[in-house]
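This report concerns only the one structure given below.
Numbering (my numbering), first residue to last: 0 to 492.
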């Protein structure tokens, strides 16, 4: 059994001024909306993109309550080049190079230019049984008109090839987290789709698959469907902590559940529930969105999918919480809403309310430990305010928006946030405005490296964004649309 990691040595904290922009505008292409995955491999940073996210949401019918659509979209989404890309960054020369672009296939829609992959949502450096050395593995997102999603493998960071797929059902469209535990690699489907529509965060099957050798097709189920609860729609996130594998779910009915393995190596594992009903908050903690070990505990970010407002399920809007889980399954509320729970009363130990006191922080997307500090990145929907039909929102939200004004809210609260803590209780902001770019509505990856802390953004407001000129909406090129990658380091370190 792995031991709980002791508190790391505390280095210098990073502030907003310590971060430099290494790329902007989606590597020069505003359709690179999300720097969706990232990993440090062979002394370089690798970043996988997802393309045309807002165009994809429009295709999926997410247009209710939004007018005009924030970006310019063609009538047929397949007229856009949505071939996902992988980029490689060399710190010493401050240069980026594209090392992979998705191939195309003949799609079920009859077109020959359908991308195999429109996104690359997960990335990990792993060495399994027959890998000659640690390899880079990337989990893909495939459109419903193409084949099932793949896991890509590379030994050198330049040549990528798919490995044998898990036994997904045909509706599975994407995977997310790749997690190594007990000599196996684990993944779970986190999106589904058919010709009738798709969702990127709800899967057609809530199962964790495991394989001891990714050069083989020996995939097996490591968990029962939904951990035995069919209301668990997706196993959204996983983490390794205290010798156990943890899995957090999306549960639109009652709120997220967190489970952990109880011991034993045979598949499927035996699982034990850590919390349910959204840790006592119900549907407002619909999903466990991020997991990170820090100072002998597991930190869990919770919130509502779709950025804090699950329109189809009628959940939200509401902002995110941060929970600290101990090895004995007890937990503390760090950031969030006071309440009575099965473990007694819970109050936010940080003194900070949901969303780090911002209604716009719909969920905590990623966390990372760097130089002994815990860094937390959010997703903020504030930048959508100019396009939202306000009467469709709850009265309290309408009152807030009318009081402050849309423009002021976007300028003051637009852009995702990064917070840091030395002890996991007391937090202070690093940035509250997307590093000065309110189009950066999410911080998707935080990667600690010998050269500093890399932070990648989700920014789907390109290539052209809707702006109001003389009372009319027009689409104009957006030089700050598209994903960005930032590097934080102390220059005198």
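For each residue, glycine too, the CB sits at the ideal point set by N, CA and C.
Check	Outcome
Helix, strand or coil, according to DSSP, for residue 91 in the structure here?	coil
As an exercise, report each continuous beta strand (DSSP E) stretch of at least 3 residues that is fully enclosed by the stretch 147 to 211, in chain order.	150 to 153, 171 to 180, 183 to 193, 196 to 198, 208 to 210
With C-beta atoms as the reference, is residue 30 less than 8 Å away from residue 461?	yes
With respect to the alpha helix (DSSP H) encompassing residue 25, which residues constitute its N-terminal and C-terminal limits?	24 to 27
Between which two residues does the alpha helix (DSSP H) harbouring residue 355 extend?	353 to 356
When DSSP labels each residue in this structure, what does residue 452 get in the three-state scheme?	strand
Indicate whether residue 148 and residue 171 have their beta-carbon atoms separated by less than 8 Å.	yes
Given a cut-off of 8 Å on the beta-carbon distance, is the pair residue 361 and residue 308 in contact?	yes
What is the DSSP secondary structure of residue 135, counted as helix, strand or coil?	strand
Would you tell me roughly how many angstroms separate the C-alpha atoms of residue 438 and residue 484, rounded to the nearest one?	13 Å
Compute the distance between the beta-carbons of residue 454 and residue 487, then report whether it is under 8 Å.	yes
Look at residue 136 and residue 125 and say whether their C-beta atoms are less than 8 Å apart.	yes
Do residue 247 and residue 290 come within 8 Å of each other at the CB atom, strictly closer than that value?	yes
Relative to the alpha-carbon of residue 33, which residue among 408, 166, 444 has its alpha-carbon at the smallest distance?	444
In angstroms with no decimal places, state the Cα-to-Cα distance between residue 478 and residue 24.	6 Å
Quick check on residue 494: does DSSP put it in helix, strand or coil?	Examination of residue 494 is not possible in this model, given that the chain is present from 0 through 492 alone.
Buried or exposed for residue 265, please, with buried defined as at least 16 other CB atoms from any protein chain shown within 10 angstroms of its CB.	exposed
Going by the beta-carbon positions, is the gap between residue 383 and residue 69 smaller than 8 Å?	yes
Could you name each continuous alpha helix (DSSP H) segment of 4 residues or more that falls completely within the stretch 291 to 333, going from the start of the chain to the end?	304 to 307
If we ignore side chains and look at the alpha-carbon of each, how far apart do residue 367 and residue 471 end up?	43 Å
What residue ranges within the stretch 53 to 88 form continuous alpha helix (DSSP H) runs of no fewer than 4 residues, ordered along the chain?	none
Quick check: the Cα distance between residue 417 and residue 301, rounded to an integer number of angstroms?	16 Å
Quick one: what's residue 48 bridged to in DSSP?	34
Would you call the CB atoms of residue 305 and residue 200 closer than 8 Å?	yes
Can you give me the C-alpha to C-alpha distance between residue 421 and residue 10, rounded to a whole angstrom?	9 Å
Is it buried or exposed for residue 446, if we count other Cβ within 10 angstroms and need 16 for buried?	buried
Does any residue of chain C have a CB that is nearer than 8 Å to the CB of residue 203?	In the displayed structure, chain C is absent; only one protein chain is listed.
Over what stretch of residues does the beta strand (DSSP E) that includes residue 472 continue unbroken?	471 to 476
Nearest-angstrom Cα distance between residue 473 and residue 386?	12 Å
Taking the alpha-carbon positions, what's the residue 47 to residue 96 distance?	12 Å
May I ask you to report which of helix, strand or coil DSSP gives residue 399?	helix
Suppose contacts are defined by Cβ-Cβ distances below 8 Å. Is residue 419 in contact with residue 372 by that definition?	yes
In terms of DSSP beta bridges, what is residue 114 paired with?	103
For residue 325 and residue 318, I'd like the C-alpha separation in whole angstroms.	23 Å
Would residue 198 and residue 118 be called neighbours here (beta carbons separated by less than 8 Å)?	no
Taking residue 333 as the reference, which of 475, 315, 353 has the closest Cα?	353
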